[in-house]
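To start, the structure itself, in structure tokens.
Protein chains: 2
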Amino acid sequence: MSIAGDLIRGHTDAVILARLLRGDSYGYEINRVISTLSSGRFELKEATLYTAFKRLEEQGLITSYWGDSGAGARRRYYAITPAGVEACFRLRAEWKETKEIMDKLLEEET
Amino acid sequence: MSIAGDLIRGHTDAVILARLLRGDSYGYEINRVISTLSSGRFELKEATLYTAFKRLEEQGLITSYWGDSGAGARRRYYAITPAGVEACFRLRAEWKETKEIMDKLLEEET
DNA sequence: CATAGTACCTCGCCTGTCAAGGTATCTCTA
DNA sequence: TAGAGATACCTTGACAGGCGAGGTACTATG
Numbered sequence: 006m007s008i009a010g011d012l013i014r015g016h017t018d019a020v021i022l023a024r025l026l027r028g029d030s031y032g033y034e035i036n037r038v039i040s041t042l043s044s045g046r047f048e049l050k051e052a053t054l055y056t057a058f059k060r061l062e063e064q065g066l067i068t069s070y071w072g073d074s075g076a077g078a079r080r081r082y083y084a085i086t087p088a089g090v091e092a093c094f095r096l097r098a099e100w101k102e103t104k105e106i107m108d109k110l111l112e113e114e115t
Numbered sequence: 006m007s008i009a010g011d012l013i014r015g016h017t018d019a020v021i022l023a024r025l026l027r028g029d030s031y032g033y034e035i036n037r038v039i040s041t042l043s044s045g046r047f048e049l050k051e052a053t054l055y056t057a058f059k060r061l062e063e064q065g066l067i068t069s070y071w072g073d074s075g076a077g078a079r080r081r082y083y084a085i086t087p088a089g090v091e092a093c094f095r096l097r098a099e100w101k102e103t104k105e106i107m108d109k110l111l112e113e114e115t
């Protein structure tokens with residue numbers, strides 16, 4: 006079973022920011038890591054990913070720079086900004102709350 | 006703090022079906038119960054709610070009938086169908102999985 | 001008679017996801 | 001040396017769900 010788009014929606018930014026919290030990275034790699042960590046069940050499509058990067062950069066939550074990789078295609082690296090760190094913590098807290106509420110609304114009893 | 010639209014997205018159907026699992030009900034009441042259970046933090050807007058009812062009925066997951074309330078405005082009651090019960094269980098399982106994956110992707114370490 | 005509460009419904013905008021398509025570079029193999 | 005496959009990036013347009021705004025209709029209360 007893999008996670009459908011509408012379940013992903015609203016969590017994409019949080020997941021990307023959480024990744025960048027561990028250090029700069031680039032699109033292709035972020036996608037691979039997310040896919041690996043979730044055993045392939047949470048898969049960001051490329052279009053979604055790059056749309057998200059653009060959005061996050063416009064909001065000042067991340068910045069980007071071209072890395073020179075001696076070999077292979079060029080990479081655009083992303084770094085999280087202080088505002089991004091804050092946003093990440095906020096989104097994490099929101100996620101925690103969403104979880105609690107949803108558990109209550111979906112629970113078997115009541 | 007209340008739950009933003011994009012976090013709600015994808016969960017609306019599950020929440021409504023979970024409510025109807027406990028017995029027939031009508032829009033206004035379902036909304037109130039959801040709001041109460043979540044302490045006002047998960048709030049379905051009316052437009053969202055009625056759109057969802059329509060969608061769920063078209064998919065055969067719920068049926069509706071006019072209830073005659075002697076007093077006050079007329080109410081349209083909704084009942085969950087066998088297919089709806091199945092869908093509800095499936096969505097509940099999906100939610101459980103989403104939770105696990107998200108926790109992994111957002112966790113502090115790693 | 002006006003106001004507030006109950007209860008329903010629709011239209012049109014906005015936003016995020018994604019299928020499809022494209023570009024460029026490097027490595028490996030036939 | 002040609003071709004395939006992996007790496008790596010990006011854009012466009014369609015689509016779907018949430019929701020603001022607006023509307024209808026009935027009852028109770030002051």
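Chains A and B supply the protein sequences, listed in that same order.
For the first sequence, my numbering begins at 6 and goes up steadily by one.
For the second sequence, my numbering begins at 6 and goes up steadily by one.
Every residue, glycine too, gets a C-beta built ideally from N, C-alpha and C.
Contact between I21/A and I35/A holds: CB atoms are separated by about 6 Å, below the 8 Å threshold.
Per DSSP, reduced to three states, the secondary structure at T68/B is strand. In this structure, G89/A and Y55/A do not form a Cβ contact; the two beta carbons are roughly 17 Å apart against a cut-off of 8 Å. At least 7 Å separates the CB of D29/A from every CB of chain B. The C-beta distance from D18/A to A57/A rounds to 6 Å, short enough to fall under 8 Å. Contact annotation: K109/B and L42/A have beta-carbon atoms nearer than 7 Å. In this structure R79/A is exposed. Its beta-carbon is surrounded by fewer than 16 other beta-carbon atoms within 10 angstroms. Using beta-carbon distances, L22/A does not count as an interface residue toward chain B, since no partner is under 7 Å.
Rounded to the nearest whole angstrom, the CA to CA distance from T86/A to L96/A is 15 Å.
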